[in-house]
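These protein sequence lines are chains F and R, in that order. The opening residue of the first sequence carries number 0 in numbering that gives the first Met the number 0; numbering runs sequentially from there. The opening residue of the second sequence carries number 0 in numbering that gives the first Met the number 0; numbering runs sequentially from there. Idealized CB from N, CA, C, for every residue including glycine.
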Amino acid sequence: MSQVLLSVENVGRTFGGFKALDGVTADFEQNKVTAVIGPNGAGKSTFFNVLSGVLAPSSGRISYKGRNITGTPQHRFTHLGIARSYQITNIFPLLTVHENVRVAAQALRTRYNIWSHRDRLKELDEKADAALNAVGLHGRRHDVAKFLAHGQQRALEIAVALVADPRLLLLDEPTAGMGPEETKDMVALIERLAAERTILLVEHKMKMILGLSDRILVLHHGKLIADGSPQQIQSDPEVRRVYLGQSHGYA
Amino acid sequence: MSDINPISSLASAERTPTTIPIAGGSRLQLAKWRVPLSILALCLLPWLLPSKALAVNVLIYGVVCVGYNLLFGYTGLLSFGHAAFFGTGAYVTGIAIVHFGLPWYAAVFFGVICGGLLALVIGALSIRTRGIYFSMVTLALAQLVYYVALQASNWTGGENGLRGFTVRKINIFGAHINFLDPIQKYYVLMAFAALALWFVSRILNSPFGAVIEAIRENETRARACGYNIERAKLLSFTLSGMICALAGTLSAMHLAIVPLDSLHYQTSGMIVMMTLLGGAGSFFGPFIGALVFLLMEDVFSIWTSHWQIIVGSVFILFVLFLPKGIWGTLLAWRMRK
């Protein structure tokens, strides 16, 4: 049996009077891929922001490795072992590919040191190279990040998250804006990462989700309306009504 | 992470011609020598400029801008209140000599420390806000310091500025230096400027230097990487304030008077303009900016008492057409070659 890595209990988040998340409860086991789906405005992004510490939940409790992490500031999350990518590519555009990953690796090593020499931290170079190898970007390590193709920038963002060696990886629409070839590569990458990490992803591409996920959560109006294996979700009449029925365009 | 199979198309996709040759080469070479080269340039400065007085001013304002550049150019925070630290450094130095009879080196020390403490306080208050709000909060708090100095006239001399101290002779390790000789004075002050340059270069080369760069490039991502953004910004703000305070202490020793204007927001604005003219985020740019600004002031004020109109127009042209400033543009041009 797998162990529970992350546990979400009755978590809610309101913006003014609007309930973006409403009493969501779920446990996430180690080394499983879970997809979060739902129509636009269902609360997927809010859910991810709460899980990655960007937003504190208005109610409920989040525990990670059995420890209550509700309300922990966002910058602590990476140190706990939770890293994320963003829906809109979020990298350091003017740094080189290697510098992007290296500065992310440095966060776990040293942060306020003004006396030593940053280039002497050789182990950061090795970590960065390993992460770039894992996403297949090693050949472009000296290029300035903003000049990469879109798919490569997405891969870079995953390398930036990956270099912290997280146990839990939150991927917000990792294939957004990608063509079929790039999407195929990204799926292969996620499958490789899933061997030793717990992955949560938000996605719209149904075919991809059904092939990739061990489990699917369906959000609608901030509520968790379904939670099960891809087969269960596909045959769930409620899900078909609110989501799958409308998604021919995506699938 | 041991998997080395590159994803085919992600890895090999069209190698765009837009690739910039970062090849360690020229950029790193220049960066390695930037402190000695900058100090060399400062050594030559009094012999290249028409007057020694101008050289000292370039030196002092150059140091302020170097301090400001750490926050604005490298951390990406636009403060409109850095005159507060410059002025505080100057006033504390003057007060230490006038009211407490301290020797000059102790006065410099307290000037830098007090400027740093003030930066810690103003930084802690202003860093809670972002963008234009951050600029406005720093401006407001700096003006608060200005009015405190204006009111506390027993200590600061109020509107007349602080007078009544002159550093005539100083001893450094047994060497007697006549501070009234402009050249000897210049090189003493330059030693402090060299120290500031070395210190800033040190910071930029340190792991913390990578952190502030990351914050400037993308604050959200830097936070997600696990950096405490507020704390890093506060550290950068404080270090920046200390260097500006050092420039203030140099100014007090040089002028033997602390004008109230040194705390005024016009001084803050001038610091921003000089830094932008020279090139925010470039190492030597601040000195170029100070030089060009002061030269423009000297030349245009001969023609008209409204010289600021011309300087302002030049500044606008720079913001529109040369946003990297003089030195920044030259560096970019050199890298492209």
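* To do: List the residues of chain R whose Cβ lies closer than 8 Å to the Cβ of F/N89, in chain order.
  => Indexing the first sequence from 1 puts residue 89 of chain F at position 90. Scanning chain R for C-beta atoms nearer than 8 Å to the C-beta of F/N89 yields N217, T219, R220, A223, reported in chain order.
*Could you pull out every residue in the same chain whose Cβ sits closer than 8 Å to the Cβ of R/A331, ignoring the five residues on either side in sequence?*
Position 332 of the second sequence, counted from the first residue, corresponds to residue 331 of chain R. So the list reads K323, once near-sequence residues are dropped.
Let me know the secondary structure DSSP gives F/L99 once reduced to three states.
Working through the first sequence from its first residue, we reach residue 99 of chain F at position 100. The residue you asked about is not Leu; residue 99 of chain F is Asn in the sequence shown. DSSP, read as helix, strand or coil, puts F/N99 in helix.
(Q) Per the DSSP calculation, F/N67 is bridged to which residue(s)? (A) Here residue 67 of chain F corresponds to residue number 68 of the first sequence, with the count starting at 1. Under the DSSP definition of a beta bridge, F/N67 partners with F/S62.
| query | In chain F, which residues lie with their C-beta within 7 Å of the C-beta of R/L234? | reply | Sequence index remark: in the second sequence, residue 234 of chain R carries index 235 (1-based). The contacting residues are Y111.
What is the DSSP secondary structure of R/L321, counted as helix, strand or coil?
Reading the second sequence from its first residue, position 322 is the one you call residue 321 of chain R. Coil.
Is there a C-beta anywhere in chain F that falls below 9 Å from the one on R/L238?
In the second sequence, residue 238 of chain R corresponds to position 239, counting from 1. Under the Cβ distance rule, R/L238 counts among the residues neighbouring chain F, one pair being separated by less than 9 Å.
message: Does the segment 93-102 of chain F come into contact with the segment 122-138 of chain F, if we say contact requires no fewer than three beta-carbon pairs (one atom in each stretch) closer than 8 Å?
response: Yes: at least three Cβ pairs fall under 8 Å.
request  = Show which residues of chain F have a CB atom less than 8 Å away from the CB atom of R/N227.
outcome  = Within the second sequence, numbered from 1, the residue matching residue 227 of chain R stands at position 228. P72, H74, R110, listed in chain order.
In angstroms, rounded to a whole number, what distance separates the CA positions of F/D21 and R/G130? Here residue 21 of chain F is taken as the residue at index 22 of the first sequence, counted from 1. Here residue 130 of chain R is taken as the residue at index 131 of the second sequence, counted from 1. Approximately 33 Å, taken between the alpha carbons.
Item checked: DSSP-derived helix/strand/coil call for F/V162 -> The residue you call residue 162 of chain F lines up with position 163 of the first sequence. Reduced to three states, the DSSP call for F/V162 is coil.
Q.
Which same chain residues end up closer than 7 Å to R/V97 when comparing Cβ atoms and leaving out the 5 residues on each side of it in sequence?
A. Taking the second sequence and counting its residues from 1, the one referred to as residue 97 of chain R is at position 98. Only L161, G163, F164 meet the Cβ criterion.
Item to check | Run of the beta strand (DSSP E) containing F/L168, from where it starts to where it stops | outcome: Here residue 168 of chain F refers to the residue found at position 169 when the first sequence is read from its first residue. Start and end: 167-171.
*Shortest alpha-carbon distance to R/I211 belongs to which of R/S37, R/A52, R/G280, R/I270?*
For this step, residue 211 of chain R is matched to residue 212 along the second sequence. When C-alpha distances from R/I211 are compared across R/S37, R/A52, R/G280, R/I270, the shortest belongs to R/G280.
Where DSSP assigns a beta bridge to R/H337, which residues make up the other side? Here chain R covers residues 0 to 336 and nothing more, so residue 337 of chain R does not appear.
(Q) Given a cut-off of 9 Å on the beta-carbon distance, is the pair R/V57 and R/L290 in contact? (A) Position 58 of the second sequence, counted from the first residue, corresponds to residue 57 of chain R. Position 291 of the second sequence, counted from the first residue, corresponds to residue 290 of chain R. Cβ distance < 9 Å, so R/V57 and R/L290 count as in contact.
Can you grab the Cα-Cα spacing for the pair F/P38 / R/L76, in whole Å?
As a position in the first sequence, residue 38 of chain F is number 39, starting the count at 1. As a position in the second sequence, residue 76 of chain R is number 77, starting the count at 1. The alpha-carbon atoms of F/P38 and R/L76 are separated by roughly 39 Å.
Anticipated Cβ contact below 8 Å, F/A158 with F/A133, distance rounded: Here residue 158 of chain F is taken as the residue at index 159 of the first sequence, counted from 1. Here residue 133 of chain F is taken as the residue at index 134 of the first sequence, counted from 1. Their Cβ separation, rounded to whole angstroms, is 7 Å, which keeps F/A158 and F/A133 in contact under 8 Å.
Exercise. Roughly how far, in whole angstroms, is the beta-carbon of R/S37 from the beta-carbon of R/S78, given that I think they are within contact range, below 8 Å?
Worked result: Walking along the second sequence from the start, residue 37 of chain R turns up at place 38. Walking along the second sequence from the start, residue 78 of chain R turns up at place 79. Actually they are not in contact, since the Cβ atoms of R/S37 and R/S78 sit about 23 Å apart, beyond 8 Å.
query: Skipping 5 residues on each side, what residues in its chain have a beta carbon closer than 7 Å to that of R/F191?
result: Indexing the second sequence from 1 puts residue 191 of chain R at position 192. Here the set comprises L245, L249.
- [ ] Classify R/F84 as buried or exposed, calling it buried when 16 or more other Cβ atoms lie within 10 Å of its own Cβ.
- [x] Along the second sequence, read from residue 1 onward, the residue named residue 84 of chain R stands at position 85. Counting of Cβ neighbours within 10 angstroms places R/F84 among the buried residues, the total reaching 16 or more.
Helix, strand or coil, according to DSSP, for F/N48 in the structure here? As a first step, residue 48 of chain F must be located in the first sequence, where it is residue number 49. Of the three classes helix, strand and coil, the one that applies to F/N48 here is helix, per DSSP.
Check: Straight-line CA distance for R/V147 to R/E296?
Finding: Residue mapping note: residue 147 of chain R aligns to position 148 of the second sequence, counting from 1. Residue mapping note: residue 296 of chain R aligns to position 297 of the second sequence, counting from 1. Roughly 29 Å separates the two Cα atoms.
- Along the alpha helix (DSSP H) that carries F/G22, what are the first and last residues, could you check? Locating residue 22 of chain F in the first sequence gives position 23, where the first residue counts as 1. Counting along the chain, F/G22 falls outside any alpha helix (DSSP H), though it belongs to the beta strand (DSSP E) covering 17-28.
* Using only alpha-carbon positions, find the residue among R/G72, R/P206, R/I309 that is nearest to F/H116. => To locate residue 116 of chain F, count along the first sequence from 1; it is residue 117. Of the candidates R/G72, R/P206, R/I309, the residue whose Cα lies closest to the Cα of F/H116 is R/P206.
Point to revise | CB contact check: F/D118 to chain R, cutoff 9 Å | key: Numbered from its first residue, the first sequence carries residue 118 of chain F at position 119. Yes - at least one Cβ of chain R is within 9 Å of the one on F/D118.
| query | Whose C-alpha, out of F/V7, F/V3, F/Q2, F/T13, is nearest the C-alpha of F/H220? | reply | By 1-based counting over the first sequence, the position of residue 220 of chain F is 221. Nearest C-alpha to F/H220: F/T13.
Note to self: Whole angstroms are fine: how far does the CA of F/G59 sit from the CA of F/R108?
What the structure shows: Numbered from 1 along the first sequence, position 109 holds the residue referred to as residue 108 of chain F. Numbered from 1 along the first sequence, position 60 holds the residue referred to as residue 59 of chain F. For F/R108 and F/G59, the distance between alpha carbons rounds to 32 Å.
*asked:* Considering Cα atoms alone, identify which of R/H81, R/G88, R/A193 is closest to R/A139.
replied: For the purposes of this step, residue 139 of chain R is identified with residue 140 of the second sequence, where counting begins at 1. Distances from the alpha-carbon of R/A139 to those of R/H81, R/G88, R/A193 put R/H81 closest.
**Message:** To the nearest angstrom, how far is the alpha carbon of F/S44 from that of F/A129?
**Reply:** Position 45 of the first sequence, counting from 1, holds the residue named residue 44 of chain F. Position 130 of the first sequence, counting from 1, holds the residue named residue 129 of chain F. Each residue's CA atom was taken as its position, placing F/S44 and F/A129 some 29 Å apart.
* Between which two residues does the beta strand (DSSP E) carrying R/N204 extend? -> Walking along the second sequence from the start, residue 204 of chain R turns up at place 205. For R/N204, there is no enclosing beta strand (DSSP E); the residue is part of the alpha helix (DSSP H) that begins and ends at 181-204.
Counting only Cβ pairs nearer than 7 Å, list the residues of chain R close to F/R66. The residue you call residue 66 of chain F lines up with position 67 of the first sequence. The contact set of F/R66 on chain R, defined by CB atoms closer than 7 Å, is empty, because the minimum CB distance reaches about 17 Å.
Exposure of R/A151, with buried meaning 16 or more beta-carbon neighbours within 10 Å | For the purposes of this step, residue 151 of chain R is identified with residue 152 of the second sequence, where counting begins at 1. By the 10 Å Cβ count, R/A151 comes out exposed.
I think F/R139 touches F/V96, with their Cβ atoms under 8 Å apart; what is that distance to the nearest whole Å? In the first sequence, residue 139 of chain F corresponds to position 140, counting from 1. In the first sequence, residue 96 of chain F corresponds to position 97, counting from 1. Between F/R139 and F/V96 the beta-carbon gap is near 5 Å, inside 8 Å, which marks them as a contact.
Query - Alpha carbon of R/I287 to alpha carbon of R/T274, nearest angstrom - result: For the purposes of this step, residue 287 of chain R is taken as residue 288 along the second sequence, with counting starting at 1. For the purposes of this step, residue 274 of chain R is taken as residue 275 along the second sequence, with counting starting at 1. Linking R/I287 to R/T274 through their CA atoms gives a straight-line distance of about 9 Å.
request  = Please indicate yes or no: does the CB of R/M334 lie closer than 8 Å to some heavy atom of the ligand GTP?
outcome  = Among the ligands in the structure shown, none appear at all, so the ligand GTP cannot be discussed.
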